[in-house]
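Working notes for the structure below.
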Amino acid sequence: GTAPTSYQRVMLKISGEALMGDQGYGLHPPTVARIADEVESVHKLGVEVCMVIGGGNIFRGLQGSAQGMERTTADYMGMLATVMNALAMQSALEAKGIHTRVISAIRMDEVAEPYIRRRAVRHLEKKRVIIFAAGTGNPYFTTDTAATLRANEMNCEAIFKGTKVDGVYDKDPKKFPDAKRYENVTYDEVLQKHLGVMDASAIALARDNGLPIIVFSLDEPGGFRGILEGRGTSTQVHG
Ligand code: UDP
6 GTAPTSYQRV
16 MLKISGEALM
26 GDQGYGLHPP
36 TVARIADEVE
46 SVHKLGVEVC
56 MVIGGGNIFR
66 GLQGSAQGME
76 RTTADYMGML
86 ATVMNALAMQ
96 SALEAKGIHT
106 RVISAIRMDE
116 VAEPYIRRRA
126 VRHLEKKRVI
136 IFAAGTGNPY
146 FTTDTAATLR
156 ANEMNCEAIF
166 KGTKVDGVYD
176 KDPKKFPDAK
186 RYENVTYDEV
196 LQKHLGVMDA
206 SAIALARDNG
216 LPIIVFSLDE
226 PGGFRGILEG
236 RGTSTQVHG
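So the sequence shown is residues 6 to 244, counted in UniProt numbering.
Now the structure itself:
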């Protein structure tokens, strides 16, 4: 049976790489459509959904700066990559009839709305899915931090971090068969043990505002809805 979810407003964070499928780079439309299905099944429950999508499938600032590019320029390129991913996801959601707004932290009014908090909240109240693009709008940050920042601003009850594995492990479960999954872990343990849930600034921002992070597998069809309804396996990061 399915328990009704107690969540009213959530943030879904996925990496850009979640959109590339088995390709080594870029966007794989069937994979984007599959993630749109995951969002649809949660949206159908009446849950208000915010999303942040990374840009690592297209460009990462650190990668650019390692190749001699100026760091801040490279970071802006990374932020622009997230806008492309956001537009692809918007297109996939709207193909399903789900009204979706892309809100960019860097102004580009022909392409996306600027971020105005009260307007964003209104979209959620009207059950529009929001995709926050261009990260925080600042270099030296990541989209994990952007997801945490926007989740706080939107009063989301939790961040759901969709990954390739069903939670946080003490070591890489794809390499070590004896890796142990945490059911619960504290923010401080994540930081001390370098558990790699999100970068340290994102974890600290979640900790300081008591925002739970739930790490789950996006590879399971229906997984996102299942986790919201208390089924499946995940790791909950909290205080
Ligand atoms: N980025 C940034 N500021 C932000 C968010 C992202 O400068 O607030 C840049 C940074 O260069 C990063 C790139 O955008 O490498 C892509 O984001 P991220 O690495 O978080 O993507 P993901 O790993 O989630 O795909």
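Just so it is clear, CB atoms sit at the ideal spot from N, CA and C, and this is done for glycine as well.
Mind checking which residues open and close the alpha helix (DSSP H) that includes residue i?
i	result
Thr87	76-100
Leu196	192-197
Ser206	205-213
Arg230	228-233
residue 3	For residue 3 there is no data in the structure shown, the boundaries of the chain being 6 and 244.
Gly28	Reading off the sequence shown, one finds Gln at residue 28, where the question assumed Gly. Element bounds for Gln28: n/a, residue is neither H nor E.
Arg155	148-158
Among the residues of its own chain, which have a CB less than 8 Å from the CB of residue i, if the five just before and after it don't count?
i	result
Gly6	Note that Gly6 scores 46 on pLDDT, short of 50, meaning its location in the model is unreliable and no value can be drawn from it.
Asp224	Lys169
Taking DSSP's pairing of strands, which residues face residue i in a bridge?
i	result
Thr240	Val220
Pro182	In DSSP, Pro182 forms no bridge with anything.
Tyr12	DSSP lists no partner for Tyr12.
Cys55	Met16, Ile135
Glu118	Ile108
Phe165	Leu17, Ile219
Val173	Tyr187
I'd like the span of the beta strand (DSSP E) that includes residue i, first residue to last.
i	result
Ser109	105-109
Give a yes or no on whether the C-beta atoms belonging to residue i and residue j are separated by under 8 Å.
i	j	result
Val107	Ala138	yes
Leu98	Ala41	yes
Met56	Met89	no
Thr87	Ile58	yes
Thr10	Leu233	yes
Ala211	Tyr192	yes
Lys180	Met203	no
Excluding sequence positions up to five away, which residues of its chain have a Cβ less than 6 Å from the Cβ of residue i?
i	result
Ser46	Arg230
Can you list, in chain order, the residues of its chain with a C-beta nearer than 7 Å to that of residue i? Leave out the 5 residues immediately preceding and following it.
i	result
Arg133	His104, Thr105, Arg106
Ile111	Met84, Ala139, Gly142
Gly195	A small correction: the amino acid at residue 195 is Val; Gly does not occupy that position in the sequence shown. Val202, Ile208, Val242.
Residues with a Cβ closer than 5 Å to any heavy atom of the ligand UDP, in chain order? Ser20, Gly21, Gly59, Gly60, Gly61, Arg65, Gly66, Asp80, Gly83, Met84, Gly140, Thr141, Pro144, Phe146, Thr147, Thr148, Ala151
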